[in-house]
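What follows is a set of notes on a single structure, which appears directly below.
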Amino acid sequence: MNVKISVCLIIALLFIALTSFANPLRISNIELDRVGVRLPEVTEKDIINNPGRYLLDSDEPFTGGLGWEVFCRLDTGGVDIVFIIDSTGSMGSHIAGVRANIDGLISALEDENFDYRLGAVTYGDGHNMWDFDPGTPGYQMTSDGDLFMSAGYLGGVGASGGADGPEQALMAFANAINDYQWRPDAMHVIIFFTDAAYCQRDDACMSACNPGAGTGCAWCTYNGPEIWLDTEIADMIAASGVVVFTATRDPVYTSTCASFTPPVPWTPYGGTGHTGWFQHFAHLSGGNWYNMTTTTWDVIFDDVTSLIREFVSVRATVFNDSPEAIDTIYAELIPGACISILSANPMSYGPIGPGGSRNFYWRIDYDSTCSGPDLCFNVEFTGGDYFTSAIGCLYIENCACPGPLAELVCPPNVSISACDYQDITINIIDEGNGIDMSEIALEVDGTVYHFPTNMTWDGSQLRFMPSERWEHDRVIVWNLMNVKDTIGCYLREDFWGAFLADNQPPSITNADPPVGFEFYDTIQFSWNLYDYPGGIDISSIVLTIAGNDYTPGDGHLQYRYSALPTAPDTLKFVANTFDIGLMAGQAFDVCLYVADGILPSMDGCDLCGPNDTTICYEYSISPCIGPEASIICPPPSSPAGQTISACPYQGINMELISGEYPLLLPTVELEVADVDFTLADDELEYIGNELIFTPQSPWTHGQVVLYNLHRADDTRGCLLTEDEGSSVTIDLEPPRVHDVQPQPGFEFTSIMEIAMWIEDVPAGINYENIVMTVDGVEYTIGDGFLSYEGSREAGIATISGLPSDFGIARGDTFDVCISVEDMVLPNDGICELCGPNSTTYCFSYMFYPETSCERFPNPFTPDGDGINDYAQFVYPEMYRLDGTIYIYNTRNVKVREIHVNYGPGAFEMARWDGTDRFGKLMPMGLYMYVIMTENIVVCEGTVTLVR
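Convert by adding 80 to the 1-based position in the sequence shown; the result is the number in the working numbering.
Pasting the structure below:
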């Protein structure tokens, strides 16, 4: 259950409870910040968390030569810290990092009133121990932080050498642990950092770890070879009780001559080789390992400070009271179910001479919710032929008179109850002796109740029942007093507790938006939630929208904590309407359920929780404007006229615009010729904002193709604004020309008039564009010769005029062509309708004017002046029949014979230029002529030649 409860509330509750009673042993020097702000539930062990004060102190000699003394402490306030520093050339930046951040570590220790001391060992090929008091035997640490950071010590540490491979790290560990004068009652901490591997005893590269064999080391207090193995250093760390923090590269620099002992012990860090052993040193001691290249020193020092602040240890001191030395003494801590050992166990040490002693240390953690035997432990000592053991419990204060034990049943200490009349139930246990009820009293909320007022007793359980309802948000502090057994031993420790009454549900305020709000595309709600003191149970929150439930962390509903414990938290919901199934125009209900963090029960104790509430609202989704479509091609038909196409594969193009929200393509449906098409079909595609339909088979002439876009949704769920569709009629044939009058081949003699019947459906005739060509010359409607009568569907085109109007000569055979097209539109750059359909029909006619016997001029003067230079003869049927003209003089002598071929050239051929057959100009005078066709004389007469 994820519940936000103010840390300040717990601290305040503890303060009220701890200051409510007059027993100084239980409140002396209590410093809540020393054990961290986030406190566990208060139990017996937490109440007597008194820095500098032993919780168990028993000193008893044992027959057989072993005596023991056990101390359990949370913190003595003393800490000894030794830095082991690889000062070779590659470590310059890391030494600078320590130098830059150690001031913060020292400040944290001073701020929390820790009695600290500092020491250091620098090493490379050899090592140097810092002695801050040379006048005192052994190597001494300093409590002067400024001195430690001064130029003579940390401030003067440089980085040089080390290029020859591995370094003497193991020797540095051994000397730090064995040679410094650690305080027995202080916490022992080593902070070690390097980027290189270590060498071991008898390694092939021993010269690299022996400055005496090379250039020497003027600053080294030891110049000999490495004498330790990694397994020996691990045992030394475990036996000493020192907590080790290691910071290294991963992996460290190494060489083939530097060895390590396989297998590398397992750690959660997963390192191998030398790196794995450095990690093991930290892990087995209860410390931490850090990747020096990725972790800053301020983080490392914060961890160290945190460990010191929350340090819990057991110290067992064994005395050799025998008259002889004991070679090895073994010590093992056997923990109760709620105690975890974080350091080495078991441990050994020896020899110990007569009258000597040895301290053994265990770093432990414990479950703060436990009590009784689960918080107890055995310490067993074995040495030579001797064995002894001791029992310790973290909560025991005095072993002289065990007295009864009290055990809280209900409500759990520092819990919150929603019961209006929460009772207080306590088990009182005494082994072998009964409970004297004569003086028992219970102080509750400042009032002392003497048994049996408001209390019942069933022989093992005391129950207090309030007569009035608890006030909301009130800390109810109680204290069990004057409990003793029948032999006069009082309760082993004063027994008290506190709980907080909370009988109101969470408040839900500042609903945004207000009830009745109309959303558009995004649903967004927020509320302020607040509950004190129970706190909001975030896991209880259920937001129901239109019947669907949402909880925090599901991607839509987010819970945001306030910056201040007294300020409300914020619940916010954000979702797209389409994603949660809400449609435009829909009205929907929103209900919010919230409960506080009070449990229904705990360990069989009814706490009446949780307090809860539900609030509901009504909202709606605004109507929306969905995608819009407009026809691009073919142009839509209208009552004024239908759209006609001459394309056998006429497509359909529409502009389809979705607007603010993307088009939901799978919803597009276009019906064409009674068939629905989607974008999954080959015929339909969507490119840009254009919907394109291309038929896979040709249309037929006269087919009316109906089409309609009847669905296209957007991602919000908005529907197509309105259906968009029309029709297109397919016209694949040109106009038809027939019933030409007169029929082709007709021979005109004078006025020429030709009429043609034209039809076209469904497109109709574009009669404005009719063109008739007569003997190669084009004529159009409205030019005086060509006319049209009729409708778009059918009519008559007529051309009329004199042959001379059209440049037609006598005897000409001429063609008359009509070019006509329908009304299908051509490509306008936007829409291709393949129009128009067009055709040309051609017909042949002749012009044979009526002729009779004529000759002109008469007389004629063939003198070459261009005037009357010849005599023109005309005779019947001259354009249809060949003819011969005979010229005779007055003596009836034939002077000229002119052959005339029928046809258009007959007129020019029927001329006499006054010469004989030899081209000699005849004399003036009267001449006779005879014209014959088909051997029949058709004309005769005279003609006069003059000069």
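Note that the Cβ used here is the ideal one computed from N, Cα and C, for glycine as well.
Keep in mind the model is a prediction, meaning the values are calculated, not measured.
Item, Value
"Cβ-Cβ distance between Phe668 and Tyr639 below 8 Å", "no"
"Classification of Leu53 by the beta-carbon crowding that lies within 10 angstroms, buried from 16 upward", "Outside the displayed range of the chain (81 to 1027) lies residue 53, so it cannot be described from this structure."
"Residue burial classification, Ile850 (beta-carbon count within 10 angstroms, cutoff 16)", "buried"
"Close beta carbons around Gly145, own chain, < 7 Å, minus the five adjacent residues each side", "Interpretation of Gly145 is limited by its pLDDT of 45, a score under 50 that renders its predicted location unreliable; the figure taken from the coordinates is listed afterwards. Correct list, in chain order: Asn400, Asp401, Ser402 and Tyr466."
"Short Cβ contact (8 Å threshold) for Thr385 with Ala188", "yes"
"Extent of the continuous beta strand (DSSP E) to which Met926 belongs", "Ser918 to Phe927"
"Integer Cβ distance of Phe605 from Ile701, believed to fall under 8 Å", "Phe605 to Ile701, Cβ: 13 Å. No contact."
"Coarse secondary structure for Met682, derived from DSSP in three states", "strand"
"Minimum C-alpha distance to Asn181 - residue among Asp224, Phe253, Glu740 and Phe381", "Phe381"
"Proximity below 8 Å, CB of Thr352 to CB of Val344", "yes"
"Span of the alpha helix (DSSP H), counted from its first residue to its last, around Gly172", "Gly172 to Asp191"
"The segment 224–239 touching the segment 258–268, judged by at least three CB pairs closer than 8 Å", "no"
"Host beta strand (DSSP E) of Asp310 (start-end)", "Where Asp310 is concerned, there is no enclosing beta strand (DSSP E), although the alpha helix (DSSP H) it sits in stretches over Asp310 to Ser320."
"Supposed contact pair Val269 and Val322 - C-beta distance, whole angstroms, cut 8 Å", "7 Å"
"Rounded C-alpha distance that separates Thr624 from Gly677", "20 Å"
"Proximal residues to Phe773 (C-beta, below 7 Å), its chain only, five neighbours per side dropped", "Gly731, Ile732, Leu750, Val752, Phe757, Glu763 and Leu764"
"Close Cβ partners of Met535 (< 7 Å) along its chain, the five nearest in sequence each way excluded", "Leu522, Tyr529, Leu542, Arg543 and Phe544"
"Stretch pair the segment 403–423 + the segment 438–447: three plus CB contacts closer than 8 Å", "yes"
"Residue closest to His354, alpha-carbon to alpha-carbon, out of Thr373, Asp383, Val900 and Thr311", "Thr311"
"Nearest to Gly526 (by Cα), restricted to the options Asn559, Thr216, Pro956 and Ser320", "Asn559"
"According to DSSP, residues forming a beta bridge with Pro632", "Leu637"
"Candidates Ala314, Cys450 and Gln502: closest to Asn425 by CA position", "Ala314"
"Pair within 8 Å by beta-carbon distance, Ala276 and Thr168", "yes"
"Other residues of its chain near Asn255: CB distance less than 7 Å, five sequence neighbours each side excluded", "Val201, His207 and Met209"
"Other residues of its chain near Thr809: CB distance less than 6 Å, five sequence neighbours each side excluded", "Gln722, Ile724, Val784 and Pro842"
"Option in Met1004, Val975, Gly963 and Pro906 with minimal Cα separation from Ala77", "In the structure as shown, the chain starts at 81 and stops at 1027, and residue 77 therefore has no counterpart that could be examined."
"Three-pair Cβ contact test at 8 Å for the segment 881–900 versus the segment 793–800", "no"
"Residue range of the unbroken beta strand (DSSP E) whose run includes His979", "Lys974 to Val980"
"Cβ-based neighbour list, Leu1006, same chain, cut-off 7 Å, excluding 5 preceding and 5 following", "Thr970, Thr1022 and Thr1024"
"Reference Cys911, options Gly435, Ile712, Pro690 and Tyr501, closest by Cα", "Ile712"
"Simplified DSSP state of Asp454, which is helix, strand or coil", "helix"
"Residues bridged to Asp902 [DSSP beta-bridge criterion]", "Ile845"
"For Val851: DSSP bridge partner residues", "Thr860 and Ser899"
"Integer Cβ distance of Ala266 from Val159, believed to fall under 8 Å", "6 Å"
"Alpha-carbon spacing of Val954 relative to Thr860, whole angstroms", "36 Å"
"Where Trp357 falls: helix, strand or coil (DSSP)", "helix"
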